[in-house]
Each structure stands twice: as C-alpha cells, then as structure tokens.
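Quick mapping for you: the protein sequence lines, in order, are chains A and B. Going by this note's numbering, the first sequence opens with residue 205, and the numbers climb by one from there. Going by this note's numbering, the second sequence opens with residue -13, and the numbers climb by one from there. Don't be surprised by glycine CBs; every beta carbon is placed ideally from N, CA and C.
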Amino acid sequence: MTVQVLAEIAVLLSPLLFVGLISKVKAIWGGRRGASILQSYYDVFKLIRKGEVVSTTTSSVFRAAPSIGIAATILALFIMPVPIFGSVIRFEGDFVMFAYLLGLAKFTMVLAALDTGSSFEGMGASREVAYSTIIETAFFVVIGSLALVTHQASFAAIIAYLNIAAGYSLLVKILLVASLFIMILAEGSRVPVDDPNTHLELTMIHEVMVLDYSGPDLAFIQYTTALKMTIISILIADLVIPSSMPPFPAIALAVALLLLVFTSIGIVESLVARARISHVPQFLFFMTTLSFTAFAVVVFFLFGVTR
Amino acid sequence: MVSFLIGAALLFAGGIVGIPARENAKAWLFFVFAAAAQLFMLPVLASVLLYGGRLAMPVYFAPPIGVAYLRLDPLSALFALITSVGAFLTSVYSLGYMKMYHGERATLSSYYFFLGMMSASMLLVEVIQNAILFLIAWEIMSTASFFLVAFENDKEEVRRASLYYFIAMQIGAAFLIAAFAWTSAISGSMDFSSFTSVLANHGGASLLLFTFFFIGFGTKAGFIPMHTWLPKAHPAAPTGVSALMSGVMIKTGIYGILRIVQLSGTPDYRAAYGLLIVSMITGIFGVMNAIAQHDIKKLLAYHSIENIGIIGLGIGLGMLGLVYNNPAIAVLGFFGGLLHVLNHFTFKSVLFYGSGVVYSQTHTRSMDRLGGLAKYLPYTSGMFLIASLAITGLPLFNGFISELAIYLGLARSLSSDVLPLVVAALLGFSGLAFIGAMALLCFTKVYGICFLGSPRTEFHSPPNERQSSMLVPMIVLTVVILAIGLFPWLAIVLLKNVVVQFVPAFSADHLVQLTEIFRTISVVLGMLIVMAAFFFGLRKFLLGKRKVELFKTWDCGYQVGSSRFQYTSSSFAQPFLHLVAELIPQRIHVKKEPVLFPGEAHIESHTQDLSERFLLKPSINLLNRFLNLFAWIQSGRMQQYIMYGLIFLVFLLVLILGVR
C-alpha cells in the first residue's frame, strides 16, 4: 500500500523530467550539450515565484481553467493503472471517466482561450477542438479493442487480464502502441502536430491557447501537458509489460520503457519537420487507421480463426 | 388517476381564463393554474414512479370506440413528469419573456390558450392507451404547437417555418394512422394491450409495422431523415415554446417508440440493429450540422437532434440486450436512454431559456454579433456554462451519467460472442466518442463566442438581468443537473421502475452493481472538486505575495484593440468543417468590386442540410411534377367543387347501399 503511494508520488514528480529528457535528446542529436535535464523543474519553480498579468477582457473562467485542468489530469492519472501497482481508482467504466476528465480539462482551456478575446487564441482553440474529434474517436477504438480482447470494462481489470497468449497479440500490441504514440505527440503538442518551441501562427495549436497565461497558472499548464504525456506513456508501458512478470524486473522495465518513449519523441522531433497544418489531420487519421486495424485484427482472430 | 386528469384540465383552463384579462394578468393567471396543476400531478406521478404502481381508468364512449383505457404506469409517469414540470417552468419563464410582446393582446391570448392546450394534450398522449383517442390527442398536440410556432407570424420566415412544421407533422401522423389502423385491424381491438400479439411475432409484416410506427413517432422526435422541421420550427417559435418543444414535445415521439418497444416484448433483431444505426447517423449528422450554425436557436435545435440520436442509441442497445437475452446490457441501455431523456430536458431547457434571455436583451440570435455577455448577464452565463458542460457529457454533471451507462452497456456488449453485436458495439462506442468530441466543439463555440471575450457589436442598451422570472426556471433545472451529476444514484431511484417494465428478466443485482459504480463516481467527483479547490487556493496563496497586474490581452504583442478581430462562430468551426466538407456543404458568397484595390467587400457563408438537398428536395420535386398532372381538378370555380361533393356523396350512398 505505501509502496503504491510512493510509486504514484514518483509518477507525479516525473513528467517534467521527461520533458527535459526530450529537450536533451534533441540537443545531443543536434550536436549541442543543451540545457540540463532538470531545466523544466527550474522553469516551473521560477514561474511559481512570479506574479501574473491578467487580461481585462477575461472573466473568472480564465482564472479557474488551469486549476481545473491540473486537478482533472491528476485524477485521470489515478485512474490509469501503473504497472504492477494497479490504479488508485477503479470501477467499471472508469475509462469513460478518464477520457472525459481529460475532456473537461480541454473544455476549460478552450474557453479560457476564447475568453481573452484575441484572434490568435481563438485560432488555436478552433484547431484544438477540431483535432480532438479525431483523437478522441481513435482513443475509444483503442479502448474498445482492449475491452474486446480481455472482456473487461475497467482499465485496471483490462491491464490485469491482458495476457494474450495467442500469436496475434504481438501485432495488436504494435498497432496499439503506435496509435498511442501518435496520441502522445498530439496531446503533448509535439512535432509533427505542433511545435512547442516556436510561437508562430503557422505552428500554433496548444501553445497559442496559453499565450496570455503567466506565473503560477502557466506553471500549472506546463505541468499538466507533461503529465498528460506521461499518463499515456504509462498506458503504453502497461500494454508491453506482461502481467505475469515478477515485480522488480517489471518496475525496471517500466521505467526503461518510459525513458524509451520520451527518447523516441525526442528523436522524432529531431528527424521530422512540423507538418503543414492541412496535413495534420491526415497524420491524426493515421492514428484512427491504426486503432481500427487493431480492432479488426482482434475480431478476425477471435471470431474468424476459431470458427 | 382522477387527480392526473384534474391537473391536465387545470393546465388547459389556465389558457382560457386569461383571455379576457390584461396582459400581465394573463401571464400570472396561467402561472397560478399551472402551479395548481403541479399540486395535483406531482404526488400521483411521484408515487407511480417511485413505488412502481399502475393506475388505470376506463372511459366510456359510444361505439365504435367503446371503452377506452387511460393507464398510468412508470413509463408514462416519467414522461408526464417532464411534461408537467416543463409546462410549469415555461409558465414562469413566460412571465418575464412575453413582456416584450405586451401591447398585442390578441396574440398573447392565443399564446396562453394554445400553451395550455399543448401541455394538456401532451399529458393525455402519455396516458391514453386507445388507438383512436391517442391519435386525436396527438393531432391536438401538433395543432396547438403549430399555432405556437406561428406566434410571430408577421415575419415571413416564421410563416414558412410554421407551415413546414405543420406539413411535416401531418406526414408523420399519416404513418401513425396507417400503423395504428393496421395493428387494430389485426388485433381486433383499439386498446394498446391487444397490440402485443401483433407486434410480438417476428415476421416481415410486424417489422414493416414497426418501421411505420418508427417513421411516425420519429418525425415528432427528430430522427434523420425526418428531422428537417426541427431547425426551422425551433428558432421561429418564442423561446418558452422552443424550450417546451425541444425538452418535452419531441420526447413524446420517444415515448411512442418506447411504448411500442414495451408492447413488443422481445424485439426483432433487425429492428434493434436498425434503430441503433439510425440513431448513430442521427447523432453524428445532428451535431455536425449544429457546429455549422451561427444562429443560437438553430444550433440548439440541431443539437436536440443529436441528443435524440443518443437516446435512440440507448434504446437500441437495450433492445439488443433483450434480443440476445443479456439483461445486464438491456438494463444499462434502457437506463442510459431514459436518463438521457430526463437529462436532455433539464439542460436543453436551460440552454433555450438562456438564449431567450440573450435574445430579449440584445434582439439578435446571431452569435457573430454577440460576445462578452458574461459580464452583463452573470447568472445567465453561469447557468448556461453549467448546461453546456452537462450537454457535452463532462463529469460533475448529469450528461456524463447517462452517457456512462450507455458506454458501459456497449463495453459489456463487446464481451459477447455474437459477431454482429461486437461490431455494432464498437461502432456505437466510437460513434458516441465522436459525438461527444463534436459536442465539445459545439458548446465551447456557443458559450465562448456568445458569453466570453468582448462584444463584437455595440449594444443599443447594456444588457441586464432584471427580469428575474426568466432566471428562476433556469435555477431550478441547474439544481437538478447538479444533483444528478454529483449524486447519480438518485437517478437509479427515479428510473428503476421504468427499466423494470422493459426487462422482464430484471433482477435487483443489475442495479446494485450500477449503484456501487455510481457511489464510487460520487467519491471521485468529490475528490475532483477538492483538488480543484486546492489548486485554486494554492494559486491564490502564491499570488497573494506577488503583483497581479491587469492589462490588455497580450496576444503575442499584437494589441490591436478592436473586438472585431476576435474569432467568430464560423471561423471557430472552420477547421472542423473543412474536414467534413463533403457532409456539410458550404456555400460562400463574396461580393467584391472586380478592381485591383476593392473598397468594400462582403462575404456570406451558408451551410445546407445535406438530407434536404439530396433526399427531400428531389422527392418533393418529383411529387410536385406528378401532382401537377392533376392540377386541372382545382379550377377555382365554386360550382365545380360543389359538383365534386355531390358526386362523392352519391358514390358513398351507392357503396353503402350496394354492399347491403
């Protein structure tokens, strides 16, 4: 029990480290030494110690949105099962609450963006909601595939029962992991969906929605984005690690997988340029294709081969 | 049962007694009568709903009707509850809203008269279980609502919308008359209880019968492709009526479908899959069209279509549970669908009432002219926000609970070993997720553009919230939204007996598990509120020692200052609409001087409803071409018409006498 609490605390403290890892990988790939891996922590602490400039156009929605966002995302983390330890919260249908908590965070952020009365933030908000229609649907197909394979209806139960011995499990896992990787890129506003380093109109989706935030609110938002990426990486780790593995190798493997995922994000960011905005939906539809293919493979093997 | 009828009569009377009175008195009289009606209705309805009783009352007519039965069972009680409370809340709302029509005494009289007539007839529709009387009450309901939609008939678009609505209702009623006549003829009796034998056998004929019933009731409910009247009629009607129509009247269509499903026993699997597919198409197409609208009430009307799709999805899922003998899935499906009926009534009414407040203050329904209303209308804005969060299905509010039940039923269906069910469940799963994401887009658009930011046009007079009577119904409904959202097991208490009517193999275990899940959800939501409060408090604490400066929007250093630079509703929806351009055809008119440096330019964009363009207009044109061949019958000469009448009478006499 206390070990689980420690594990959850470790997960809560780690996202900024992973974001630092991405920057470090990009720097090394580019032949530089780059900033320290702990740079994001320094940034967040600096922001917490600052004051804020609040726009007069905004209402209380703008002020409340980052707090609601971080609370909803942390609660979503508690629903996601950590390898070996399971999840803090579990009930049947908790995946719906998971997705819709992240949706609540998104809703309030979009409203906060429109609250500022600026066209840049409106533009980012409109792109964000348009792309989330694609991502949400694909994510639910991922969950549907997992529910179909395991015949369970809660995240923790799905992961616990995910010991598919059949030969097709590798193919399904590859498809689902690829699909979730694209989701991390989209939700974490990484290349090729969005460029977190520039503030140019061409590359703006998430970054532009938070242009008017400063101080502690901006710290909350940066942490929330990093946490969202970590949560989905944990889901990837859950899919890869078989539940029959003994605890200690499993934890080591989980940490290694998380580091691998974020290193891959760094490599992808170094290799690929940010896609033209009209090509971003096509990239996201790739996620939809992968998840529907995974579902089709599962259906084929569950219903086709055995009949 | 008698108190039920007294309640209905009081609602009808409230519309009549106001006719000779002054404007203000009309509104207050109707309100008093509606309140009195609640005193008679609510105890009866609550006892039937909570304790599962059944009430019946025979009414005697001359043959051929004979004995007609009025029956109040939990299903009827649920819909009657919505109807009764909805009528009462609209009466409160009209106290303030109709003030802008004072000075037109005659039309106000007709407004309250038909409001009373519509409410009373809706209540009767929900208890009458005799085919002929049901159809009479149905037609009275449609006619009364037609007159209400045509309230502002000095405007041409209202005239056209109301006539379109009337014709659509008659087409639906035609299917209903055919279906009821056919069923009664086979079963030999007009009473609903005799229909079970006809509907229960799973031949091709009973499937066709089910389809006729579905088209008839579906026209009222707003399923695709019978939905086209909704986006025309709802914006044309006065807001209290729009709220009543969207929250209550289209649910009578759902009531009809549910009654037929209940009478059918175990459904035909083709009917179940058909309903599921039509509901998904309805949901997806409805919200896609809603995203494309810039008139608030038209957007809300299309969104009602989407919610009808979600309700249909729940009902279809429940039917599939019955088909495959899986009571757990059936319970979840029906519970989700029925709860969504109640939920949709609550949040859609709040949204319509809120849009009415906005309209009464700004005199425009176009979102592109609004903005920044949160500062002028704080209470309206807050409740509109809560209703928007609820309709998107986000946690803390009631929409999430009904959608969770449907998702859970679909997830359980994925565990079955029937391939079509698994595929249908995944399509439902992903479809519902797609609908939810689009609803998020739609309502961030509505709330963000109308209430946040800064005003896009100058207001003649600053909007205010002095008409508190318009706020009271919204407050009542918001309390219900929060109650069900935070304490979902209340919904189980309310709906348990209705679900039992549909699932014969029902056992208490199914709901015990759901209650457990709901209790966990309440705890989790409590944690959410506590954590959000913690972080907000942390922020306050951190900022307490720092400087918080108020300034113009930074916007990357682009301080232009004109509110016209803000995103409009069309621009907000554009990235999404670009993705679905095939389904939502957009026509853009640009008026520009054809010179190198044009002075003034004008751009207008319209979206068209695809089903109108490809289904309705071609079929109506075809019908017109065929009917034009008979145009010679209508010569305009009275003598010819009298001759027609005479010929018909002679023909009738010959037929009747000749048969003897």
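Classify residue i as helix, strand or coil using the three-state DSSP reduction.
i	result
Arg511/A	Interpretation of Arg511/A is limited by its pLDDT of 44, a score under 50 that renders its predicted location unreliable; the figure taken from the coordinates is listed afterwards. The answer is coil: DSSP assigns Arg511/A none of H, G, I, E or B.
Asp417/A	One detail in the question is off: residue 417/A reads as Tyr in this sequence, not Asp. Coil, per DSSP.
Arg573/B	strand
Tyr246/A	helix
Arg57/B	strand
Pro448/B	coil
Met43/B	strand
Leu536/B	strand
Ala258/B	helix
Ser259/A	strand
Lys254/A	coil
Ile507/B	helix
Thr593/B	strand
Asn648/B	Any property of residue 648/B remains undetermined from this structure, which presents chain B solely from -13 to 646.
Pull up the distance between the alpha-carbon of residue i and that of residue j, whole angstroms please.
i	j	result
Gly417/B	Glu340/A	10 Å
Phe17/B	Val78/B	6 Å
Val314/A	Ile274/A	14 Å
Val144/B	Leu134/B	11 Å
Ala229/B	Phe370/B	14 Å
Leu472/B	Leu285/B	28 Å
Arg237/A	Val248/A	21 Å
Pro211/B	Ser218/A	52 Å
Val234/B	Thr76/B	11 Å
Phe386/B	Gly89/B	44 Å
Tyr627/B	Ile633/B	10 Å
Asn187/B	Phe295/A	40 Å
Phe385/A	Asp442/A	13 Å
Tyr362/B	Lys526/B	25 Å
Ala309/A	Leu119/B	51 Å
Ser374/B	Glu389/B	15 Å
Asp177/B	Ala171/B	11 Å
Thr488/B	Phe320/B	The residue asked about is misnamed: residue 488/B is Phe in this sequence, not Thr. One C-alpha to the other measures close to 8 Å.
Buried or exposed, going by whether 16 or more other CB atoms sit within 10 Å of the CB of residue i?
i	result
Arg623/B	exposed
Phe452/A	exposed
Asn312/B	buried
Gly321/A	buried
Ala(-6)/B	buried
Leu332/B	Note that residue 332/B corresponds to Thr in the displayed sequence, not to Leu. Buried: at least 16 other Cβ atoms inside 10 Å.
Arg511/A	With a pLDDT of only 44 at Arg511/A, under the threshold of 50, the placement of this residue in the model should not be trusted; the figure read from the coordinates follows. Exposed: under 16 other Cβ atoms inside 10 Å.
Phe520/B	exposed
Leu641/B	exposed
Asp59/B	buried
Thr554/B	buried
Asn384/B	buried
Ala649/B	Chain B is shown from -13 up to 646; residue 649/B falls before or after that span and cannot be answered.
Leu242/A	exposed
Tyr339/B	buried
Please say whether residue j and residue i have beta carbons closer to each other than 8 Å?
i	j	result
Ala63/B	Val34/B	yes
Glu256/A	Ser383/A	no
Ser349/A	Leu380/A	yes
Gly307/A	Leu380/B	yes
Leu(-4)/B	Ala32/B	no
Gly328/A	Gln552/B	no
Closer than 7 Å to a non-hydrogen atom of the ligand MN - does that hold for the CB of residue i?
i	result
Phe359/A	As presented, the structure is devoid of all ligands, the ligand MN included, so that no description of it is given.
Would the segment 221 to 237 of chain B and the segment 186 to 199 of chain B be scored as touching if the rule is three or more Cβ pairs under 8 Å? In the pairwise beta carbon analysis, the segment 221 to 237 of chain B is classified as not touching the segment 186 to 199 of chain B: fewer than three pairs are separated by under 8 Å.
Across the segment 233 to 251 of chain B and the segment 298 to 315 of chain B, are there enough close Cβ pairs to call them in contact, namely three or more that are closer than 8 Å? Counting C-beta pairs closer than 8 Å gives three or more between the segment 233 to 251 of chain B and the segment 298 to 315 of chain B, which meets the contact rule.
At least 3 beta-carbon pairs within less than 8 Å: the segment 249 to 267 of chain A vs the segment 299 to 318 of chain A: Contact between the segment 249 to 267 of chain A and the segment 299 to 318 of chain A is present, because at least three Cβ pairs lie under 8 Å.
Could you say if the segment 105 to 112 of chain B and the segment 55 to 74 of chain B meet the contact criterion of at least three C-beta pairs nearer than 8 Å? Segment contact: the segment 105 to 112 of chain B against the segment 55 to 74 of chain B, three or more CB-CB distances shorter than 8 Å; contact assigned.
Could you say if the segment 422 to 431 of chain A and the segment 496 to 507 of chain A meet the contact criterion of at least three C-beta pairs nearer than 8 Å? Flag = no, the segment 422 to 431 of chain A and the segment 496 to 507 of chain A do not touch.
Is the segment 5 to 14 of chain B touching the segment 94 to 101 of chain B in the sense that three or more CB pairs, one from each, lie closer than 8 Å? The segment 94 to 101 of chain B vs the segment 5 to 14 of chain B: in contact.
Across the segment 462 to 482 of chain A and the segment 222 to 242 of chain A, are there enough close Cβ pairs to call them in contact, namely three or more that are closer than 8 Å? A contact is defined here as three or more CB-CB pairs under 8 Å, and the segment 462 to 482 of chain A meets this definition with respect to the segment 222 to 242 of chain A.
Do the segment 430 to 450 of chain B and the segment 345 to 353 of chain B meet, that is, are 3 or more Cβ pairs less than 8 Å apart? Between the segment 430 to 450 of chain B and the segment 345 to 353 of chain B there are three or more C-beta pairs closer than 8 Å, enough to call the two in contact.
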